[in-house]
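Enquirer: Below you'll find the structure I mean.
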Amino acid sequence: MLALLRHVYAAGGAAGVLYALTVAVTAITSVAAPTPRRRKDARTTLRLLLPRGATRRRVTPSR
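105 is the number of the first residue of the sequence shown in the numbering used here; add one for each residue after it.
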């Protein structure tokens with residue numbers, strides 16, 4: 105985890121680390137929030153934070 109934070113910091117500085125932590129906390133909240141309303145709000149926030157298509161699973165064609 106520390107190596108990942110170092111990589112994010114090297115790539116984007118303190119703002120990159122803050123962005124990554126915000127996305128991580130929001131993702132955890134979207135799964136673990138106590139009420140459906142809070143989970144929905146967290147998922148909406150994730151959609152706003154992440155680029156379009158980033159939350160979709162990518163299927164790689166088999167050869």
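Virtual Cβ for every residue (Gly too), placed ideally from N, Cα, C.
Assign A118 to one of two classes, buried (16 or more other C-beta atoms within 10 Å of its C-beta) or exposed (fewer than that).
Expert: When all chains shown are included, A118 counts as exposed.
Enquirer: T126 and L152: beta carbons closer than 8 Å?
Expert: No; because the gap between Cβ atoms is not below 8 Å, this pair is not in contact.
Enquirer: Identify whether T137 lies in helix, strand or coil by the three-state DSSP scheme.
Expert: This sequence places Ala at residue 137; Thr is not what is there. Note: A137 maps to coil in three-state DSSP.
Enquirer: Whose C-beta lies closer than 8 Å to the C-beta of Y113 among residues of the same chain, with five residues either side of it excluded?
Expert: Closer than 8 Å at the Cβ level, and outside the excluded window around Y113, lie G120 and V121.
Enquirer: Could you check how far apart the C-beta atoms of S134 and L150 are, in whole angstroms? I think they sit under 8 Å.
Expert: Indeed, because the Cβ distance is near 6 Å, the residues count as touching under 8 Å.
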